[in-house]
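The block underneath contains the structure these notes are about, expressed in structure tokens.
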Amino acid sequence: MIANNTSEKIVTIEIRRQDGPHNPSRWEKFAVPYRPNMNIISCLQYIAAHPIMTNGQETTPPVWDAGCLEEVCGACTMVINGHVRQACSALVEKLGAPQKPITLEPMTKFPVVRDLFVDRQRLFNDLKRTKCWVPIDGTYDLGPGPVMRQRLQEERYPLSRCISCGCCLEACPQYTPANKFVGAAIISQVRLVNTHPIGTDMRAERLDVLMGEGGVADCSKAGNCVQVCPKKIPLLESIAAVQHEATVYSIKRFFAR
Ligand code: SF4
Ligand code: SF4
Ligand code: FES
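No gaps in the numbering here: position 223 of the sequence shown is 323 in our numbering, and each next residue is one more.
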């Protein structure tokens with residue numbers, strides 16, 4: 101704990117700053133007055149309003165992304181004390197503050213826009229590439245959807261909780277800026293839409309993509325993804341299910357020639 105002249109408790113925040121995608125990074129240290137139950141976003145808001153480092157030098161307000169502030173949009177995902185997670189649900193007390201300093205870094209698998217703000221477009225492009233949607237189109241009333249067995253609903257519901265945060269991609273040794281691996285989030289979303297009674301219409305198109313470059317065969321099953329997923333999605337189960345589905349599909353396709 102660092103105390104100032106009014107004996108106020110201080111949270112020390114160290115941020116890896118980067119002015120743009122091609123600029124070098126640097127560390128800056130800030131002192132934030134502690135308040136009970138504060139989270140990392142509230143620390144960043146304080147720093148943005150008071151951009152003065154602990155050495156007394158003024159700097160620019162740090163940049164980060166956030167939307168929902170309740171771990172739903174995934175936008176505030178960053179590396180906190182070396183672990184990838186959402187800043188909005190990271191309470192400083194649980195990170196050891198005010199006794200210990202807290203480090204904030206941008207995710208490393210996506211291009212840095214500025215400071216802690218990264219561009220997750222690759223993830224969204226891969227969702228498009230694998231057609232991760234249920235093809236229900238039209239402006240007219242489509243009537244009730246197909247009936248789904250309760251067991252299938254229970255299997256699919258956990259998969260639907262994905263917030264496209266990118267934690268699983270950040271932790272995955274196979275997902276790098278230099279390759280095209282889609283990663284666990286996309287594979288799990290393919291499982292979700294492939295098991296929908298209408299989504300199944302596009303199953304073959306999705307499996308064709310996942311059997312190509314950067315597809316499901318590139319997973320080494322290290323399991324890092326499942327450990328960091330904030331929504332506890334059974335990613336290894338999804339990977340195994342989609343790998344099985346792809347194998348059966350390729351055998352059937354071979355004999356259908
Ligand atoms: S099991 Fe390992 S290689 Fe496969 S997606 Fe998860 S972290 Fe990546
Ligand atoms: S699977 Fe989990 S870790 Fe990966 S993007 Fe979805 S919510 Fe985030
Ligand atoms: S701001 Fe949406 S997940 Fe944190």
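Ideal Cβ placement from N, Cα and C applies to all residues, glycine included.
Exercise for review: Taking 8 Å as the cut-off, decide whether the C-beta atoms of Arg-291 and Ser-338 are in contact.
Suggested key: Closer than 8 Å, so yes.
Review point. Is Tyr-257 buried or exposed, if buried means 16 or more other CB atoms sit within 10 Å of its CB?
Key: Under this definition Tyr-257 is an exposed residue.
Check your understanding: What are the boundary residues of the alpha helix (DSSP H) that includes Ala-285?
Key -> The continuous alpha helix (DSSP H) containing Ala-285 extends over residues 284–294.
Exercise for review: Over the uninterrupted beta strand (DSSP E) stretch that includes Phe-130, give me the two end residues.
Suggested key: For Phe-130, the enclosing beta strand (DSSP E) covers residues 125–133.
Practice item. For Gln-186, verify whether its CB is less than 7 Å away from any heavy atom of ligand 3. Key: Flag set: Cβ of Gln-186 near ligand 3.
Check your understanding: Pairing CB atoms from the stretch 174–181 with CB atoms from the stretch 200–220, are three or more of them under 8 Å?
Key -> Look at the beta carbons and you see the stretch 174–181 touching the stretch 200–220: at least three pairs across the two are nearer than 8 Å.
Exercise for review: Could you give the DSSP three-state label for Lys-43: helix, strand or coil?
Suggested key: Residue 43 lies beyond the stretch modelled for the chain, which goes from 101 to 357, so this question has no answer here.
Review point. By a C-beta neighbour count over all protein chains shown, 10 Å radius and 16 as the cutoff for buried, is Arg-357 buried or exposed?
Key: Burial check for Arg-357: the Cβ neighbour count within 10 Å stays below 16, so the residue is exposed.
Point to revise | Short Cβ contact (8 Å threshold) for Ala-405 with Pro-161 | key: Only positions 101 to 357 of the chain appear in the structure, and residue 405 is not among them; the question remains open.
Review point. Taking the Cβ atom as the reference point for each residue, do Val-234 and Gly-299 lie within a distance shorter than 8 Å?
Key: Yes. Within cutoff.
Practice item. Measure the C-alpha to C-alpha separation of Tyr-275 and Gly-312 and round it to an integer number of angstroms. Key: Straight-line spacing of the CA atoms in Tyr-275 and Gly-312 works out to 15 Å.
Point to revise | Per-residue burial, Trp-127 [other beta carbons within 10 Å of its own, 16 or more giving buried] | key: By the neighbour-count definition (other C-beta atoms within 10 Å, threshold 16), Trp-127 is an exposed residue.
Check your understanding: Using the C-alpha atoms, what's the distance from Arg-135 back to Phe-281?
Key -> Computed Cα separation, rounded: 42 Å.
**Study point:** Contact belief for Pro-330 with Cys-267 at Cβ below 8 Å, rounded distance in angstroms
**Key:** Rounded, the Cβ-Cβ distance is 6 Å, consistent with contact.
Check your understanding: How would you label Gly-243, buried or exposed, when you count the other beta carbons within 10 angstroms and need 16 or more for buried?
Key -> Label assigned to Gly-243: exposed.
Point to revise | With 16 other Cβ atoms within 10 Å as the buried cut-off, status of Cys-272 | key: Around the beta carbon of Cys-272, 16 or more other beta carbons sit within 10 angstroms, so the residue counts as buried.
Point to revise | Inter-residue CB distance, Ile-287 and Val-316 (contact presumed, cutoff 8 Å) | key: Ile-287 to Val-316, Cβ: 6 Å. Contact.
Practice item. Note down the Cα distance separating His-296 from Gln-253, rounded to an integer number of angstroms. Key: In this structure, the straight-line span from the alpha carbon of His-296 to that of Gln-253 is close to 9 Å.
Check your understanding: Relative to ligand 1, is the shortest distance from any of its heavy atoms to the C-beta of Asn-324 smaller than 7 Å?
Key -> Asn-324 Cβ: within cutoff of ligand 1.
Exercise for review: List the residues that DSSP assigns as beta-bridge partners of Thr-139.
Suggested key: Contrary to the premise, residue 139 reads as Asn rather than Thr in this sequence. For Asn-139, which the question treats as bridged, DSSP gives the partners Leu-191.
Point to revise | Secondary structure of Leu-217, DSSP reduced to three states | key: Residue identity differs from the one stated: residue 217 is Phe in this sequence, not Leu. It is a strand residue.
Check your understanding: Between Val-328 and ligand 2, is the CB less than 7 Å from at least one heavy atom?
Key -> Because some heavy atom of ligand 2 lies under 7 Å away, the Cβ of Val-328 counts as near it: yes.
Review point. Does the beta-carbon distance from Ile-140 to Ala-187 come in below 8 Å?
Key: Yes, Cβ-Cβ distance for Ile-140 and Ala-187 is below 8 Å.
Review point. When every heavy atom of ligand 3 is checked, does at least one fall within less than 7 Å of the C-beta of Gly-174?
Key: Between ligand 3 and the CB of Gly-174, the shortest heavy atom gap is smaller than 7 Å.
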